[in-house]
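In terms of the UniProt record's numbering, the sequence shown opens at residue 333 and continues consecutively.
Note that CB positions come from ideal geometry on N, CA and C, so glycine has one too.
Below you'll find the structure, written out as structure tokens, and then a few comments.
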Amino acid sequence: RDTDDVLVLDNVSSGYGDMLALRDFSLRVAPGQIVTVLGANGAGKSTLCGTLMGTVGTRTGRITAFGRDITHLPVHERARLGIAYCQEGRRVFGDLTVAENLRLGAPLSLPRDEVGTRMERVHTVFPVLAERAGQRAGTMSGGQQQMLAVGRALMADPSVLICDEISLGLAPVAIDALYQALAEINAQGVAILLVEQNVKRALGICDHAVVLSRGRVSYRGGPEGLLDDADLDAAYFGAA
Ligand code: ATP
Numbered sequence: 333r334d335t336d337d338v339l340v341l342d343n344v345s346s347g348y349g350d351m352l353a354l355r356d357f358s359l360r361v362a363p364g365q366i367v368t369v370l371g372a373n374g375a376g377k378s379t380l381c382g383t384l385m386g387t388v389g390t391r392t393g394r395i396t397a398f399g400r401d402i403t404h405l406p407v408h409e410r411a412r413l414g415i416a417y418c419q420e421g422r423r424v425f426g427d428l429t430v431a432e433n434l435r436l437g438a439p440l441s442l443p444r445d446e447v448g449t450r451m452e453r454v455h456t457v458f459p460v461l462a463e464r465a466g467q468r469a470g471t472m473s474g475g476q477q478q479m480l481a482v483g484r485a486l487m488a489d490p491s492v493l494i495c496d497e498i499s500l501g502l503a504p505v506a507i508d509a510l511y512q513a514l515a516e517i518n519a520q521g522v523a524i525l526l527v528e529q530n531v532k533r534a535l536g537i538c539d540h541a542v543v544l545s546r547g548r549v550s551y552r553g554g555p556e557g558l559l560d561d562a563d564l565d566a567a568y569f570g571a572a
């Protein structure tokens with residue numbers, strides 16, 4: 333039943349000008365799930381994120397969040413419904429401190445003590461952000477900046493967190509730490525939509541996987557169906 337689902341995309345097509353980068357795309361994220369969307373460069377993963385957040389317009393199809401039709405809802409209203417987005421490339425404010433960056437993830441109208449409570453919750457998941465609260469974000473390592481980007485998204489107290497390529501360009505130990513944190517966040521009841529190029533990592537944590545190939549779904553099912561290299565190749569390139 334739709335109302336039980338966190339996010340549902342029904343035959344969604346979206347894109348830029350005449351070009352549809354996402355075609356007839358359907359996906360369901362149930363409460364508590366981690367769903368991953370995989371695909372090569374240019375497959376349409378970032379377009380999917382933009383479509384979910386409202387920065388890329390939906391041409392046909394329907395998107396619902398928590399049972400509510402959000403297909404044509406503006407960006408800020410989607411955020412208010414509990415959808416948070418950690419976009420590709422971290423985009424932290426390098427000249428601001430870690431604490432200031434986190435503050436920017438909470439609604440401006442939020443009472444100060446509630447901001448504090450949320451920040452403490454983020455610090456529990458990412459202790460390094462407490463240790464470095466007063467440090468300028470730009471001086472931290474890539475992995476720490478990525479933690480900050482996820483932490484900032486958590487400051488909105490989301491029900492679902494959309495992460496676009498959070499392991500991009502990071503060392504294996506940094507990726508370990510991030511994925512450990514994602515598992516913790518999920519255990520606290522936040523559903524996660526994980527958009528990744530890092531196949532092995534994403535499959536290791538998800539309940540359900542979708543592979544995008546040129547804007548269309550080429551695989552849908554449990555992660556076990558993609559563990560074999562041949563299956564993965566077929567999903568990435570075979571359907572073309
Ligand atoms: P990457 O991993 O490189 O970010 P991706 O899977 O996220 O790839 P998208 O960025 O969604 O893929 O791109 C899907 C298609 O849409 C590509 O053909 C791309 O060239 C095109 N595209 C993406 N953004 C725009 C834009 N702003 N205007 C026009 N075309 C775009």
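Going by DSSP, A431 is part of the alpha helix (DSSP H) stretching over 430 to 435.
Scanning its chain for C-beta atoms nearer than 6 Å, with the 5 sequence neighbours on each side dropped, one finds around R484 the residues N433, L434, G437, in chain order. Inside the stretch 493 to 517, DSSP marks no whole alpha helix (DSSP H) run of 4 or more residues. A residue is called buried once 16 or more other Cβ atoms fall within 10 Å of its Cβ, and T456, having fewer, is exposed. Within 10 angstroms of the beta-carbon of E452 lie fewer than 16 other beta-carbons, which makes it exposed. Two segments are said to touch when three or more pairs of C-beta atoms, one from each, lie closer than 8 Å; by this definition the stretch 475 to 482 does not touch the stretch 391 to 410. Of all C-beta pairs linking the stretch 555 to 571 to the stretch 405 to 421, fewer than three are shorter than 8 Å, placing the two stretches out of contact. If you keep only unbroken alpha helix (DSSP H) runs of at least 4 residues inside the stretch 412 to 488, you get 430 to 435, 444 to 457, 459 to 463, 474 to 486. DSSP links A541 through a beta bridge to T368, G553.
Beta-carbon to beta-carbon, M385 and V407 are separated by about 6 Å, close enough to satisfy the 8 Å threshold. Burial check for S441: the Cβ neighbour count within 10 Å stays below 16, so the residue is exposed.
Inter-residue distance for V527 and D445 is about 33 Å (C-alpha atoms, whole angstroms).
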